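Enquirer: First, the structure itself, so that you have it in front of you.
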Ligand SMILES: [Zn+2]
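Quick look at the structure:
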């Protein structure tokens, strides 16, 4: 079998945080209130682990240090399930809101904590709200310097809160030693359309999301990177009151449909861990010269 005849394996990724930590809610829920909010993350993660097991899928969990401190056994269960535990930073501040020193401290703290819990090096990092872009590319140097091997933090789209529309669409090395693996987009109508999960996956009909991923796999022969959050499968989460309409719509749209859609998605494509898909490919290409 030639390499191109093998089925493309896509990366399934979960950003491990709770519903009250999403950046769009930051103006409404003060950080010092996080500890008194009803936490839903553990039950949602256990449901996700069950769903992944049903399909024999191994995934990457970009885990928030704040969550890992409070749910260490949950992090251990993720690792014991054969999944990759990667970092989502510690406090879920946007990288673009932090100084270089504060960002260095945040990512170092999360990495050390997760490594202590799992006994395994943490290789990957995803910035909260994909908050690395043209204005703070220094953050990639920090990630390389603190021992990360890859990042999945630069979304090559136009969006009101994040994005770098002219960034490469597929994995690239920058700076030396660090691979940036962007969430997947489809090039259409002279722009990059988000095709990798989150609110877009809930908003679009499933058939459209499936078609977009197929295009990337079959036409471009590239692995896709898909992401979602534990709260996106949780129809019973407490409603945050007093939020603006756009944030409310984006957060809650089609949550009840999500478990069934994910089930179909896991069955319709081949999925794996970020490190196994991208770092091993990189090593093979380097060996070939
Ligand atoms: Zn996040």
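Residue numbers (my numbering): 12 to 300.
Where is the CB? At the ideal position from N, CA and C, for every residue including glycine.
No experiment lies behind these values; they were computed from the predicted model shown.
1. Curious, which full-length beta strand (DSSP E) runs of at least 3 residues does the stretch 79-123 contain?
2. Whole angstroms are fine: how far does the CA of residue 96 sit from the CA of residue 169?
3. Straight-line CA distance for residue 257 to residue 51?
4. Rounded to whole angstroms, what's the CA-CA distance from residue 185 to residue 135? Just pull it up for me.
5. Is residue 140 near ligand 1, judged by its Cβ being under 7 Å from some heavy atom?
6. In the DSSP assignment, find the beta strand (DSSP E) that holds residue 200 and state where it starts and stops.
7. Should residue 122 go down as buried or exposed, given a rule of 16 or more other Cβ atoms within 10 Å for buried?
8. Any heavy atom of ligand 3 closer than 7 Å to the Cβ of residue 101?
9. Taking the beta strand (DSSP E) that residue 21 belongs to, which residues open and close that run?
10. Cβ-heavy atom distance between residue 26 and ligand 1 below 7 Å?
11. Run through DSSP, which three-state label would residue 190 get?
12. Which whole-angstrom value describes the C-beta separation of residue 190 and residue 161, a residue pair presumed to lie in contact below a C-beta threshold of 8 Å?
13. Count the other C-beta atoms from every protein chain shown that fall within 10 angstroms of the C-beta of residue 196, then say buried if there are 16 or more, exposed otherwise.
14. DSSP puts residue 162 in a beta bridge; with which residues?
15. Pairing CB atoms from the stretch 66-79 with CB atoms from the stretch 104-114, are three or more of them under 8 Å?
16. Compute the distance between the beta-carbons of residue 142 and residue 182, then report whether it is under 8 Å.
17. Would you be able to state if there are at least three C-beta pairs under 8 Å between the stretch 25-32 and the stretch 218-237?
18. Quick one: Cα of residue 14 to Cα of residue 225, how far?
19. Could you pull out every residue in the same chain whose Cβ sits closer than 7 Å to the Cβ of residue 242, ignoring the five residues on either side in sequence?
20. Provide the residue span of the alpha helix (DSSP H) that contains residue 52, from first to last.
21. With a threshold of 8 Å between beta carbons, is residue 177 in contact with chain D?
Expert: Result, derived from the coordinates:
1. 95-98
2. As a position in the chain shown, residue 169 is number 158, starting the count at 1. As a position in the chain shown, residue 96 is number 85, starting the count at 1. The alpha-carbon atoms of residue 169 and residue 96 are separated by roughly 29 Å.
3. Position 246 of the chain shown holds residue 257. Position 40 of the chain shown holds residue 51. So the alpha carbons of these two residues sit roughly 23 Å apart.
4. Position 174 of the chain shown, counted from the start, is the residue given in the question as residue 185. Position 124 of the chain shown, counted from the start, is the residue given in the question as residue 135. Each residue's alpha carbon lies about 14 Å from the other.
5. Looking up residue 140 in the chain shown gives position 129. Within the cutoff, so yes.
6. Counting from 1 along the chain shown, the entry for residue 200 is found at position 189. Note, residue 200: premise wrong, no beta strand (DSSP E); not H, not E.
7. Numbered from its first residue, the chain shown carries residue 122 at position 111. That one is buried.
8. Among the ligands present in this structure, namely ligand 1, ligand 3 is not found.
9. What you label residue 21 is simply residue 10 of the chain shown in a count that begins at 1. Its beta strand (DSSP E) spans residues 20-27.
10. Position 15 of the chain shown, counting from 1, holds the residue named residue 26. Yes, the Cβ of residue 26 comes within 7 Å of a heavy atom of ligand 1.
11. Mapped onto the chain shown, residue 190 falls at position 179. The answer is strand: DSSP assigns residue 190 an E or B state.
12. The count along the chain shown starts at 1 and reaches residue 190 at position 179. The count along the chain shown starts at 1 and reaches residue 161 at position 150. Taking C-beta atoms under 8 Å as the contact rule, residue 190 and residue 161 qualify, at a distance of about 4 Å.
13. Looking up residue 196 in the chain shown gives position 185. Its Cβ being crowded by 16 or more others within 10 Å, residue 196 is buried.
14. Sequence index remark: in the chain shown, residue 162 carries index 151 (1-based). Note: residue 162 sits in a beta bridge opposite 136 and 191.
15. no
16. Within the chain shown, numbered from 1, the residue matching residue 142 stands at position 131. Within the chain shown, numbered from 1, the residue matching residue 182 stands at position 171. The answer is no: Cβ separation not under 8 Å.
17. no
18. As a first step, residue 14 must be located in the chain shown, where it is residue number 3. As a first step, residue 225 must be located in the chain shown, where it is residue number 214. For residue 14, the predicted model reports a pLDDT of 49, less than 50, meaning its position is unreliable and no value from the coordinates is stated.
19. Counted from its first residue, the chain shown places residue 242 at position 231. 29, 30, 51, 55 and 248.
20. For the purposes of this step, residue 52 is taken as the residue at position 41 of the chain shown. Counting along the chain, the alpha helix (DSSP H) containing residue 52 begins and ends at 52-65.
21. In the structure shown, chain D cannot be found, because there is only a single protein chain.
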